[in-house]
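Read left to right, the sequence shown gives residues 420 to 630 (the numbering used here).
Glycine included, every Cβ here is placed at the ideal spot set by N, Cα and C.
These figures come from a predicted structure and were not determined experimentally.
To start, the structure under review is shown below, and the notes come after it.
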Amino acid sequence: MKGKYLLFLLIILSNDLLAQSLTGINTISPKATLDINGNLIIRKVALGDSKNDVLTISKDGSIYKIPNEFQPPRILSGTIGSVFGRANSATKTEKNQAAVDPIGGIAITKGLNYTISNPDNGYFVIVFDTPFTNIYSASISMVDSYGSKWGVIGYGEQPDLDSVGLRLYTNDNTQIAFINVNELHVKTGRENGQLQNRSFTFMVMGDNNEI
């Protein structure tokens, strides 16, 4: 009879220990319910949507869930060094064409996650490679294109972004002409309201639907 009681007690204790046990793979001292010491490969994962939570891994390997509302916004920005004068159908290397200053390795008409065109003098169209879900804010600012040329740059000439401007020009202007989740339109011009190509920088912030 004592043997039966002892066996019954052992079964209860073992079940309790198993319920609280930690399982380790490639480790003899697991620190969580499942502790994997090594790479993890998951062959198939169900696709979610932009409203799903995401998982993050801390430095010690712990996995945490980040609710969607706490995910960082997506920011898209660039610096556009335009050629002065009227845009036309000339090739990229000829005058009167839009040009993107090679800051940060940006190419002629292809920026980091955006493509820019200059369909008319003083008018730029920036198309986002990946559309936003929602737009929070957008801003643009003029960039000094004159450098040491003392404010005299002829039509079709490249901007001078490699030297400090000699004067502070306040007569050039820029404004957002149109924006949606797919593209941003920007107007630039001189003090009399006439549209002319000028260099500018832009930033757009919205939902981070790439996560």
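Residue state for Ala557 is assigned as strand, using DSSP reduced to three classes.
Three or more Cβ pairs drawn from the segment 601-615 and the segment 535-543 lie within less than 8 Å of each other, which places the two stretches in contact.
By the neighbour-count definition (other C-beta atoms within 10 Å, threshold 16), Arg617 is a buried residue. Counting other Cβ atoms within 10 Å of its Cβ, Asn553 stays below 16 and is therefore classed as exposed. The Cβ atoms of Pro492 and Asp626 sit closer than 8 Å to each other.
Of all alpha-carbon atoms in Ile535, Pro550, Arg609, the one lying nearest the alpha-carbon of Thr498 is that of Ile535. Distance between Tyr555 and Phe621, taken at the CA atoms: about 14 Å. Only residues of its own chain outside the window of five on either side were considered, and among them Ile499, Ile559, Ser560, Met561, Val562, Thr593, Val605, Thr607 have a CB closer than 7 Å to the CB of Phe619, listed in chain order.
If you check the CB distance, Leu459 and Pro449 do not come in under 8 Å. The C-alpha of Gly612 is placed about 14 Å away from the C-alpha of Ala596.
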